[in-house]
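In what follows, a single structure is set out as structure tokens and then discussed.
2 protein chains.
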Amino acid sequence: MDKAPPETTNTDGRRASHGSVTLADVAALARVAPITVSRALNNPDSVSETLRSRIRTAVDQLGYVPNRMAGALASAKTKVIPVIVPSLSNVVFIEVIEGVQETLTAHGYQLLLGTTDYNLEREAELVSALLGWAPPGVMIAGLRHLPRTNTILKNAGLPVVEMMEYGARCIDMNVGLSHFRAGMEMAEHLLARGYRKIGFVGTRLRDDYRARQRYDGMHRRLLESKTASDMLFDYPGGGSQQLGWNALGDVLKTNPELDALFFANDEMAVGAILRAQRDGIAIPGRIAIAGFNGLPVSSLVTPALTTIISPRKLMGHTAAEMLLARISGGSPAARRVNVGLELAAREST
Amino acid sequence: MDKAPPETTNTDGRRASHGSVTLADVAALARVAPITVSRALNNPDSVSETLRSRIRTAVDQLGYVPNRMAGALASAKTKVIPVIVPSLSNVVFIEVIEGVQETLTAHGYQLLLGTTDYNLEREAELVSALLGWAPPGVMIAGLRHLPRTNTILKNAGLPVVEMMEYGARCIDMNVGLSHFRAGMEMAEHLLARGYRKIGFVGTRLRDDYRARQRYDGMHRRLLESKTASDMLFDYPGGGSQQLGWNALGDVLKTNPELDALFFANDEMAVGAILRAQRDGIAIPGRIAIAGFNGLPVSSLVTPALTTIISPRKLMGHTAAEMLLARISGGSPAARRVNVGLELAAREST
DNA sequence: ATGAATTTTGATAGCGCTACCATTTTTCTT
DNA sequence: AAGAAAAATGGTAGCGCTATCAAAATTCAT
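These protein sequences, in sequence, are chains Y and L. Counting the first sequence from 1 gives a position; the working numbering is that position plus 1. Counting the second sequence from 1 gives a position; the working numbering is that position plus 1.
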């Protein structure tokens, strides 16, 4: 905080980055070689106490901030990890990111965020662009990508974790849960409670193929039962509470024969419950409602929402830990982890 | 996708970053000078059509991904912008980030995410660390930082936008709203509806000083009125629906004389409403409830929640636009923007 | 005390890219 | 057609840091 130069450009007119205080300046002030300063900062134990403290003083005095670019370029190592998710509007991704962030931060890594808006083309571009940062690993949502994306990631030869869904084939590592199975379990539950005409309400199902997998799971189980049938409702727009609110009205009007609705997520399901409350529609009397995710709100609404709880933060933690394990040369406990799911049977069904 | 080398290390045993295909390789294949490839990629118009297509072919054939570190080091420019927020558990920050992300992405910038967990010490470290990426600008939540943080940011001499709150003194640019005013307006509203004993329910108010400012605003207005009084409740933990749910019970038991509760955010307020619904507590008959933020759910609960709507995504967009304007040399329309707020008087009061 | 093993420090040479200026080629002017 | 202006291309020299190996200083063993 003493004599940081106000100008961003050097006096000689040549390029300069930010504070313009370089490692060499520190070295000069501390009367040591630049490489020693580098060591003192990155590997303190390899420098004697004397020099270390002299260097620390110089660093503080000059307000030196290491240029990560230069360091990364020289060592071909960074501590920035791209995390690629479809969207930030969905709480689910947020919580996974949170888990990832917590673990990464604890190990001194930074998170470089990319969103694809469920567009695989954009995902491919993003992966390419982010690889330009020479990251030590990549975290990405989903198992389905363009062939191009798979190729790029495989060729990059770095640790990759695919998150959110669990499946047989992954690029490198995989942490998630089976959405197909989630759908089956919910179908099982609804059948057990006597529902026979079940609607699945989702949004943008062509893009959100994980929600679609839940539908497929449900559909399969209902087919097996031979006594029940389903109906698929696909709305445009994000899976918000407002959408669930609207959907309940629509569906009841156009398909009064339905006796249960399985929503693609808790947000929508909660919206539907709030609508039912407002309009005096009996749940589960008139129609049963189920969701997916196990958001905290699901247990607070009346009636409490039947849902499938997914361990989102755990997923983030696990994924980050696996990645870090691989980065530091070791191998993770397992290359594929199914974090599982838990059906919470509550009042709404 | 042709001949990407499987190894990460060079044959000569020296360091290599990722794909190891460099600009020089592309140049060799296209039979031009490296600098021409650089130009073809960064400033296509300055290269003839002939060479440009020859270079593009070479790039595709080799699967070349530019090394951003090297580029950034050489040009002292990056397209990565640090965004520093207290937490990801709060929807409010997410929506601002979303807005920021949309605008930044549209201009080819990347978002480097940092969270402080409401810890100013950590914030200072984060700022320092992120400046090491020589970013062209910085976005940070809040106007209150450690003196050290202010110094670092000012000395860095780059565009800085402070978001979320609007105030007189900012490091460089500021986009937000006045939380003090929000508190006053809510007090005004509650007074107008005849409430006189008002509780403010928040969490971690020492850290979340913006919530505290809302309380201060309310307190001031109530003092002026001379007829009303307030009471402050400060809970530990995050401001979740569950916490609002619990708080309603606590507060009614220990302070039955209260006739209104102003929650620090909509999440808590909605939790309280859901609890009231479940327990048959009349709102606003027994007690009025108000929130802050204007989350979509606030208008879906019964009774609909009175709240103050803050334009969060707009804040993110505006902030990002101002920053980009400054980065590209221009100056933003204004250095300080008050995005304003809107009180939605609904059924819960 | 003396040579060997160990620790600490330094000199050198890039990492992959772009700024800067010089050179060549093309287009324009009269 | 000859020279001037403009456009396209290239050579050189770093950006700030760290890997590698070499040298110096220290500690250890006998």
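Ideal placement from N, C-alpha and C gives every residue a C-beta, glycine not left out. No experiment lies behind these values; they were computed from the predicted model shown.
Would a check of beta-carbon distances place L/S241 closer than 8 Å to chain Y? Your numbering for residue 241 of chain L matches position 240 in the second sequence. So yes, L/S241 belongs to the interface.
Near L/P136, which residues of its chain fall below 8 Å by C-beta distance, leaving aside the five closest residues on each side in sequence? The residue given as residue 136 of chain L occupies position 135 in the second sequence. Only T79, V81, I82, P83, L113 and L159 meet the Cβ criterion.
For a contact defined as C-beta to C-beta under 8 Å, what are the partners of L/G281 on chain Y? For the purposes of this step, residue 281 of chain L is taken as residue 280 along the second sequence, with counting starting at 1. By Cβ distance, chain Y contributes nothing, its closest Cβ being about 10 Å from L/G281, past 8 Å.
Does the beta carbon of L/M164 sit closer than 8 Å to a beta carbon anywhere in chain Y? To locate residue 164 of chain L, count along the second sequence from 1; it is residue 163. It does not; no Cβ of chain Y falls within 8 Å.
Terminal residues of the beta strand (DSSP E) in which Y/T204 lies: In the first sequence, counting from the first residue as 1, residue 204 of chain Y sits at position 203. Note, Y/T204: beta strand (DSSP E), K198 to T204.
Considering Y/F94, what are the terminal residues of the beta strand (DSSP E) in which it resides? Position 93 of the first sequence holds residue 94 of chain Y. Per DSSP, Y/F94 belongs to no beta strand (DSSP E); it is in the alpha helix (DSSP H), V92 to A107.
Does DSSP put Y/G122 in a helix, in a strand, or in coil? Stepping through the first sequence from its first residue, residue 122 of chain Y is reached at position 121. What sits at residue 122 of chain Y in the sequence shown is Glu, not Gly. Here Y/E122 sits in helix by DSSP.
Within the continuous beta strand (DSSP E) that includes Y/R337, where are the two ends? For the purposes of this step, residue 337 of chain Y is identified with residue 336 of the first sequence, where counting begins at 1. Its beta strand (DSSP E) spans residues R337 to N339.
DSSP on Y/D13, reduced to helix/strand/coil? Here residue 13 of chain Y corresponds to residue number 12 of the first sequence, with the count starting at 1. The predicted model places Y/D13 with a pLDDT of 37, which falls under 50 and marks its position as unreliable; any figure quoted below should be read in that light. Assigned with DSSP and collapsed to three states, Y/D13 falls in coil, not helix or strand.
Can you name the start and end residues of the beta strand (DSSP E) that L/I309 belongs to? Walking along the second sequence from the start, residue 309 of chain L turns up at place 308. Per DSSP, L/I309 belongs to the beta strand (DSSP E) from T308 to I310.
List, in chain order, every chain Y residue whose beta-carbon is nearer than 9 Å to that of L/I98. For this step, residue 98 of chain L is matched to residue 97 along the second sequence. Near L/I98 (Cβ distances below 9 Å), the residues of chain Y are L89 and L114.
Start and end residues, alpha helix (DSSP H) containing L/V38: One-based indexing of the second sequence puts residue 38 of chain L at position 37. From DSSP, the alpha helix (DSSP H) with L/V38 extends over P35 to N43.
Length at least 4, wholly inside the segment 253–326 of chain L: the alpha helix (DSSP H) runs in chain order: 267–280
Exposed or buried, L/E268, counting other C-beta atoms within 10 Å across all chains shown (16 or more means buried)? The residue you call residue 268 of chain L lines up with position 267 of the second sequence. L/E268 should be labelled buried.
Simplified DSSP state of L/L178, which is helix, strand or coil: Walking along the second sequence from the start, residue 178 of chain L turns up at place 177. Strand at L/L178.
Mind pulling the chain L residues with CB within less than 7 Å of Y/I95? To locate residue 95 of chain Y, count along the first sequence from 1; it is residue 94. Residues of chain L passing the Cβ test: L89 and I95.
Kindly indicate the opening and closing residues of the beta strand (DSSP E) around Y/I141. In the first sequence, residue 141 of chain Y corresponds to position 140, counting from 1. That run of the beta strand (DSSP E) goes V139 to A142.
Taking the C-alpha atoms as reference points, what is the distance between L/F285 and L/A291? Position 284 of the second sequence holds residue 285 of chain L. Position 290 of the second sequence holds residue 291 of chain L. Looking at the sequence itself, residue 285 of chain L is Pro, so the reference to Phe does not match. Cα to Cα, L/P285 sits roughly 10 Å from L/A291.
Around the C-beta of L/N44, are 16 or more other C-beta atoms found within 10 angstroms, so that it is buried, or is it exposed? Here the question's residue 44 of chain L lines up with position 43 in the second sequence. Exposed, by the Cβ-count rule.
Quick one: give me the first and last residue of the beta strand (DSSP E) that Y/V84 is part of. For the purposes of this step, residue 84 of chain Y is taken as residue 83 along the first sequence, with counting starting at 1. Run containing Y/V84: V81 to V86, per the beta strand (DSSP E) assignment.
Cβ neighbours of Y/I141 in the same chain (closer than 6 Å, five flanking residues each side left out): Here residue 141 of chain Y is taken as the residue at index 140 of the first sequence, counted from 1. Around Y/I141: I85 and E163.
Neighbour-count burial assignment, Y/R207, 16 or more Cβ in a 10 Å radius: Taking the first residue of the first sequence as 1, we reach residue 207 of chain Y at position 206. Result: exposed.
Mind checking which residues open and close the beta strand (DSSP E) that includes L/S230? As a working note, residue 230 of chain L is residue 229 in the second sequence. Unbroken beta strand (DSSP E) run through L/S230: S230 to Y236.
Quick check on Y/I309: buried or exposed, where buried means 16 or more other Cβ atoms within 10 Å of its Cβ? Here residue 309 of chain Y corresponds to residue number 308 of the first sequence, with the count starting at 1. Its Cβ being crowded by 16 or more others within 10 Å, Y/I309 is buried.
Would you mind reading off the limits of the beta strand (DSSP E) that contains Y/V162? Against the first sequence, residue 162 of chain Y aligns to sequence position 161. Run containing Y/V162: V161 to E166, per the beta strand (DSSP E) assignment.
From the DSSP output, which residues share a beta bridge with L/G115? Here residue 115 of chain L corresponds to residue number 114 of the second sequence, with the count starting at 1. DSSP lists L/I85 as partners of L/G115.
Taking the alpha-carbon positions, what's the L/L24 to L/P35 distance? Working through the second sequence from its first residue, we reach residue 24 of chain L at position 23. Working through the second sequence from its first residue, we reach residue 35 of chain L at position 34. Using only the alpha carbons, I get a separation of about 6 Å.
Three-state class that DSSP yields for L/L344 in the structure shown: Along the second sequence, one-based indexing puts residue 344 of chain L at 343. Looking at L/L344 - three-state DSSP - the assignment turns out to be strand.
Near L/R276, what residues of its chain come up, given a Cβ to Cβ distance below 7 Å and the 5 sequence neighbours on each side ignored? For the purposes of this step, residue 276 of chain L is taken as residue 275 along the second sequence, with counting starting at 1. The answer, listed in chain order, is W246, L249 and G250.
Mind listing the chain Y neighbours of L/V384? Cutoff is C-beta to C-beta under 7 Å, in chain order. Residue 384 of chain L is absent from the structure shown; chain L starts at 2 and stops at 350.
Less than 8 Å between C-beta atoms, sequence neighbours within five positions excluded: which residues of the same chain meet that for L/V252? Indexing the second sequence from 1 puts residue 252 of chain L at position 251. Taken in chain order, the residues that qualify are G200, V202, F234, L259 and L262.
For Y/Y210, the three-state DSSP class (helix, strand or coil): If you number the first sequence from 1, residue 210 of chain Y lands on position 209. Correct three-state label for Y/Y210: helix.
Contact list for the segment 294–327 of chain Y against chain L, Cβ threshold 8 Å: P297, V298, L301, V302 and T303
Who are the near neighbours of Y/L342 in its chain, counting only those whose CB is closer than 6 Å to its CB and skipping five residues on each side? For the purposes of this step, residue 342 of chain Y is identified with residue 341 of the first sequence, where counting begins at 1. Excluding residues within five positions, the ones whose Cβ falls inside 6 Å are L178, A183, I309 and S311.
Y/V48 vs Y/A59 beta-carbon contact at 8 Å: Taking the first residue of the first sequence as 1, we reach residue 48 of chain Y at position 47. Taking the first residue of the first sequence as 1, we reach residue 59 of chain Y at position 58. No, the pair does not count as a contact, with Cβ atoms beyond the cut-off.
Check for me: the alpha helix (DSSP H) holding L/A169 runs from which residue to which? Taking the second sequence and counting its residues from 1, one reaches residue 169 of chain L at position 168. Counting along the chain, L/A169 falls outside any alpha helix (DSSP H), and DSSP gives it neither H nor E.
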